[in-house]
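Chains as they are written, first to last, in the working numbering: chain A, 39 to 203; chain B, 117 to 873.
All residues carry an ideal CB built from backbone N, CA and C; glycine is no exception.
Quantities reported herein were computed from a predicted structural model and do not represent experimental measurements.
Data block below; observations after.
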Amino acid sequence: MSSRLPGRAKQEISLTVNSAARTIRAYAMARLLDVLREELGLTGTKEGCGEGECGSCSILMDGVLVNSCLIPALQARGASIVTIEGLANDDRLHPLQKAFLECGAAQCGICTPGMILAAVNLLDKNPQPSLEEIREGLSGNLCRCTGYLQIFEAVAKASRNEVAD
Amino acid sequence: MAGSEHGIVGASVPRKEGRDKVTGAARYVDDIRLPGMLYGATVRSKVARGKIKGISFSPEIDWNEYIIATAKDIPGKNCIALILDDQPCLADSVINHPEEPVVLLAHPDKYALAKAAEGVVIETDSLPAIFSMEESERRTEIIWGTDNIFKSFLIEKGDMDRVWAEADFIVEGEYFTGAQEHLYIENNGMIAVFDPVTGITVWGSLQCPFYVHKALRVLCGLPEEKVRVVQTETGGAFGGKEEYPSMIAGHAAILAMKSGRPVKIVYDRLEDMVATTKRHPSRTRHRTALSKDGRILGGEIDLTIDGGAYATLSSVVLSRATIHAGGPYFWPSVRIRSKAVATDTPPHGAFRGFGAPQSLFAMERHMDRIANVVGLSPGELRRRNFLRPGQTTTTEQVIREPINLSGLLDKSLAHARYEEKKRKFSVENKTSSIRRGMGIAAFLHGAGFTGSGERYLDSVVGIEGTADGSVRVLVSSTEFGQGTNTVLCQVAAETLGIPYECADIAQADTTIVPNSGPTVASRTAMVIGNLVRSAAIGLRQTLQANGTLKESYTPGEFVDACRRHVAEKGVLRSLARYSAPEGIYWDDVKYKGEAYSAYAWAVYVAEVSVDLTTYAAEVEDFVALQEIGKVLHPVLAKGQIIGGVAQAIGFALYEKVLWQDGRMLNGQMTNYIMPASCDLPSIRVIFEEIGNPHGAYGAKGIGELPMDGPAPAILNAVVDALGVPFDSIPLLPEDILEAMTSHSISETDSVPTESPS
Chain A
39 MSSRLPGRAK QEISLTVNSA ARTIRAYAMA RLLDVLREEL GLTGTKEGCG EGECGSCSIL
99 MDGVLVNSCL IPALQARGAS IVTIEGLAND DRLHPLQKAF LECGAAQCGI CTPGMILAAV
159 NLLDKNPQPS LEEIREGLSG NLCRCTGYLQ IFEAVAKASR NEVAD
Chain B
117 MAGSEHGIVG ASVPRKEGRD KVTGAARYVD DIRLPGMLYG ATVRSKVARG KIKGISFSPE
177 IDWNEYIIAT AKDIPGKNCI ALILDDQPCL ADSVINHPEE PVVLLAHPDK YALAKAAEGV
237 VIETDSLPAI FSMEESERRT EIIWGTDNIF KSFLIEKGDM DRVWAEADFI VEGEYFTGAQ
297 EHLYIENNGM IAVFDPVTGI TVWGSLQCPF YVHKALRVLC GLPEEKVRVV QTETGGAFGG
357 KEEYPSMIAG HAAILAMKSG RPVKIVYDRL EDMVATTKRH PSRTRHRTAL SKDGRILGGE
417 IDLTIDGGAY ATLSSVVLSR ATIHAGGPYF WPSVRIRSKA VATDTPPHGA FRGFGAPQSL
477 FAMERHMDRI ANVVGLSPGE LRRRNFLRPG QTTTTEQVIR EPINLSGLLD KSLAHARYEE
537 KKRKFSVENK TSSIRRGMGI AAFLHGAGFT GSGERYLDSV VGIEGTADGS VRVLVSSTEF
597 GQGTNTVLCQ VAAETLGIPY ECADIAQADT TIVPNSGPTV ASRTAMVIGN LVRSAAIGLR
657 QTLQANGTLK ESYTPGEFVD ACRRHVAEKG VLRSLARYSA PEGIYWDDVK YKGEAYSAYA
717 WAVYVAEVSV DLTTYAAEVE DFVALQEIGK VLHPVLAKGQ IIGGVAQAIG FALYEKVLWQ
777 DGRMLNGQMT NYIMPASCDL PSIRVIFEEI GNPHGAYGAK GIGELPMDGP APAILNAVVD
837 ALGVPFDSIP LLPEDILEAM TSHSISETDS VPTESPS
């Protein structure tokens, strides 16, 4: 039976997730997306297409925005991962989370965790992006509800530190 | 119409479930795991049409590990109960389309399950199949009923036999729209649990809890009280989770009943795209008689939609398409014939707009064709034919509200700087390899169920007081991004004069909420909102009648009264039932009368560029101006319009379903292209508010409207830019290339050549 499972045998993999050290047992080729959701219970990371096109499963891995559906679990060994659950500090929302709420940037919410992480990544690299840079920076994340414009507005608002406390 | 005294309606309050969505705490169906849960998979037909000879199972797999179910395991009736009940839950002897479900498997390990599904072979004898509306009309094969027709309608007004003789111009056109995939980012999914005592419970991603409830009752052969349906957070729907969730819930239920364990079925993207519903492809023919000054004397409209292999919702999609086919224009005479035909493709279904985007695409492209023949500008031709108060629609519904469509057109054109840009482009286009154009679409969208539909639905809404003194709205109307939770709580809070934070909404669970009907047809804010208001008034009256609450009160006094009542009496609940507005008359046989209690009206303007090197058309600027009654929540309303326009830009320019023998070939996000963040223009949203006496605080429907206008506005702009008629969507670069190279190019629309200036 093991021959038809990904990666044949489970391995011990240690990594840091949202600042906490974690050790899990997973098949080497299991998708990091599944490991996060099923082994660690971090279901805020969503699956939209399973082939790296929609960006719903976006996370930050060692500071790089990646599609977790394309990352084999073993590749995350020793890595530092940030998921949507790692953004709010206790009950204090991240400025981007607040801006998304204020601007109507989350409708159905399924693309929202990935979209917010893409926006975090964008603002980390470029704290004051132009509208064109925001469009470009979020182009790997698909949203079917909003038509994106209110998402751009939210990112611009957060970049200007205009989010109410 | 009640005004917004407390300023809650009309304010952009925080989305009720917003915090959970931005923190990742919101629980969608795939986020739920139950102890002992199995995963379910669906084995589907490869052929389009045939007879099932047998089912074989690969000897390499130990099938003892698997729960296997076929049609023989269905405890009740093998159908998805909806309108005609013609669609089986699992094909038993006959296959009618590719991807038709035949066998179900369940196993604790989803990786093993996916592999095992490949080891099941459905052996079939193929039968001749038909894949196009034309083949279906020719009846070379009869695949449904006696004539391949699911439903047809005829609307007749005035005297069509006389108008041709009086006409100065007769203009004909034929228009096509393609299938469109919903592409909600959350794929379909359901979890079912069966208990021999309490019955079947399903949790899942869905729009219409009581549609699923009805389907499960019939399929499982269980009484009403032994079926429970609970909506989980739903990641987009757009009509795509109106009817198909009943199928998936049925499959999960069959496996749960057979295994005695919880079963989860979540589709992957490919399965969701190739197996579930899409927008009906359409063909519309117009033949219009006009006076020499461009007034419509009458016309014939012949509309056909492709329903796929089973009737499902095609009859009602066709109804809305038919009623919207004449657009926002006055037709002294008209004859509209329409039909939904069968093909051996997966059934097409509900999709935002529900037939109206198809027939309005044809109407609005045809208006530009007429303008060209008559020699009027597109704006002026429309102005001369707009419906005015006191005139009647094609179904002879009198327009009673003070709508001024010419005024909307003027404003929309001004926002778009239409005239100035037309002049500029007509000069620049002569020498540029980037051609630019402007296009208009004027349209209407009826809110709520058509005709007697709302009466049949007989919706009931509840509101209850809670122990902490707040109130809770009880509806089966679901949230899937559009803002149901927020808007209905606003209406409740506004009506009761309490803070928005003191109103909440129950999860849509059929054991808790009354049946307020399906969450479709742009009916929630308008129809259900109004019922929430009635129920809230009833709640207040209960408190006032027994002296717990004074005639005039502060929010604090209300909360206190509510708390005391619940503490003393246990329950504080008020229900409101739909009653049709006075003077609403509809004849289902003649298709005449008040088709909708309210229409939203709009004029959209698109600015488009076409690069003659790549032949790609792009929308450069977009003005979306609409009258939608009262705007209950400006940020959410704007989001509905922008999102709808974006989806319609995809419908017009990007999203092409490629078919081969009835099966979608490009069922992936990598080869079915929806607009990404770089593909969309500035979309400027302008609201006009004339109110609506039948809607909550004057609201009309809004969700579907923005799907109707963009495609014809964009195509009209492409035609304006290139001088070549395009009458079919989606319009991809290869389609433009083909037309530009095969069209008999006239002087005026030839491709500019390099000049040695």
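Under 6 Å Cβ to Cβ from residue i, same chain only, skipping five residues before and after it: list those, please.
{"i": "residue 649 of chain B", "result": "607, 611, 812"}
{"i": "residue 595 of chain B", "result": "601"}
{"i": "residue 188 of chain A", "result": "141, 142, 143"}
{"i": "residue 117 of chain B", "result": "Model confidence at residue 117 of chain B stands at a pLDDT of 45, short of 50, so the residue's coordinates are unreliable; what they give is reported in the following sentence. Correct list, in chain order: 807, 809, 814."}
{"i": "residue 191 of chain A", "result": "141"}
{"i": "residue 588 of chain B", "result": "580, 582, 620, 622"}
{"i": "residue 80 of chain A", "result": "74, 121, 123"}
With a threshold of 8 Å on Cβ separation, who are the neighbours of residue i within its own chain once the five nearest residues in sequence on each side are excluded?
{"i": "residue 316 of chain B", "result": "308, 309, 310, 332, 336, 338, 342, 343, 344, 369, 372, 373"}
{"i": "residue 258 of chain B", "result": "264"}
{"i": "residue 131 of chain B", "result": "137, 599, 601, 602, 752"}
{"i": "residue 461 of chain B", "result": "164, 213, 214, 247, 422, 424, 425, 775, 778, 779"}
{"i": "residue 241 of chain B", "result": "166, 167, 169"}
Relative to the ligand FMN, is the shortest distance from any of its heavy atoms to the C-beta of residue i smaller than 8 Å?
{"i": "residue 646 of chain B", "result": "Of ligands this structure carries none, so the ligand FMN is not represented either."}
Let me make sure I understand the geometry here. Which of the options has the alpha-carbon closest to that of residue i?
{"i": "residue 651 of chain B", "options": "B:693, B:671, B:361", "result": "B:693"}
{"i": "residue 182 of chain B", "options": "B:319, B:201, B:226", "result": "B:226"}
{"i": "residue 495 of chain B", "options": "B:526, B:468, B:768", "result": "B:526"}
{"i": "residue 201 of chain B", "options": "B:266, B:238, B:209", "result": "B:266"}
{"i": "residue 448 of chain B", "options": "B:840, B:506, B:460, B:584", "result": "B:506"}
{"i": "residue 718 of chain B", "options": "B:686, B:797, B:803", "result": "B:803"}
{"i": "residue 188 of chain B", "options": "B:454, B:197, B:218", "result": "B:218"}
{"i": "residue 146 of chain B", "options": "A:82, A:61, A:65, A:68", "result": "A:82"}
{"i": "residue 713 of chain B", "options": "B:570, B:192, B:216", "result": "B:570"}
{"i": "residue 209 of chain B", "options": "B:194, B:199, B:198", "result": "B:194"}
{"i": "residue 450 of chain B", "options": "B:828, B:656, B:639, B:280", "result": "B:280"}
{"i": "residue 786 of chain B", "options": "A:86, A:200, A:169", "result": "A:86"}
Residue i and residue j: beta carbons closer than 9 Å?
{"i": "residue 402 of chain B", "j": "residue 387 of chain B", "result": "no"}
{"i": "residue 745 of chain B", "j": "residue 819 of chain B", "result": "no"}
{"i": "residue 253 of chain B", "j": "residue 432 of chain B", "result": "no"}
{"i": "residue 159 of chain A", "j": "residue 103 of chain A", "result": "yes"}
{"i": "residue 385 of chain B", "j": "residue 783 of chain B", "result": "yes"}
{"i": "residue 322 of chain B", "j": "residue 361 of chain B", "result": "yes"}
{"i": "residue 830 of chain B", "j": "residue 765 of chain B", "result": "yes"}
{"i": "residue 599 of chain B", "j": "residue 715 of chain B", "result": "no"}
{"i": "residue 101 of chain A", "j": "residue 178 of chain A", "result": "no"}
{"i": "residue 364 of chain B", "j": "residue 305 of chain B", "result": "yes"}
{"i": "residue 96 of chain A", "j": "residue 156 of chain A", "result": "yes"}
{"i": "residue 347 of chain B", "j": "residue 625 of chain B", "result": "yes"}
{"i": "residue 136 of chain A", "j": "residue 59 of chain A", "result": "no"}
{"i": "residue 488 of chain B", "j": "residue 837 of chain B", "result": "no"}
{"i": "residue 473 of chain B", "j": "residue 851 of chain B", "result": "no"}
Mind reading off the beta-carbon distance from residue i to residue j? Whole number of angstroms is fine, and I expect it under 8 Å.
{"i": "residue 773 of chain B", "j": "residue 251 of chain B", "result": "Rounded, the Cβ-Cβ distance is 18 Å, inconsistent with contact."}
{"i": "residue 163 of chain B", "j": "residue 221 of chain B", "result": "Going by Cβ atoms, the distance from residue 163 of chain B to residue 221 of chain B rounds to 20 Å, so no, they are not a contact pair."}
{"i": "residue 70 of chain A", "j": "residue 109 of chain A", "result": "4 Å"}
{"i": "residue 48 of chain A", "j": "residue 151 of chain A", "result": "The Cβ separation is near 27 Å, so there is no contact."}
For residue i, which residues in the same chain have their Cβ closer than 7 Å to its Cβ, ignoring the five residues on either side in sequence?
{"i": "residue 406 of chain B", "result": "283, 284, 285, 287, 412, 413, 486, 490"}
{"i": "residue 118 of chain A", "result": "54, 100"}
{"i": "residue 125 of chain B", "result": "606, 607, 610, 748, 813"}
{"i": "residue 681 of chain B", "result": "581, 659, 664, 688"}
{"i": "residue 223 of chain B", "result": "154, 155, 181, 182, 229, 232"}
{"i": "residue 790 of chain B", "result": "299, 766, 770, 771"}
- Three or more beta-carbon pairs under 8 Å between the region 329-345 of chain B and the region 260-275 of chain B, yes or no? Cβ pair count under 8 Å is below three, so no.
- Message: Does the contact criterion of 3 or more C-beta pairs under 8 Å hold for the region 530-541 of chain B versus the region 711-725 of chain B?
- Response: Yes, since at least three Cβ pairs between the region 530-541 of chain B and the region 711-725 of chain B fall closer than 8 Å, the two stretches touch.
- Item | Inter-stretch contact at 8 Å, needing at least 3 Cβ pairs: the region 473-483 of chain B / the region 289-299 of chain B | yes
- Do three or more CB pairs link the region 685-700 of chain B to the region 570-583 of chain B at distances below 8 Å? yes
- Item | Given 8 Å, three or more beta-carbon pairs between the region 223-234 of chain B and the region 173-187 of chain B | Segments in contact, yes.
- Should the region 418-431 of chain B be regarded as contacting the region 516-528 of chain B, the criterion being three or more beta carbon pairs within less than 8 Å? no
- Between the region 672-682 of chain B and the region 556-571 of chain B, are three or more C-beta pairs nearer than 8 Å? no
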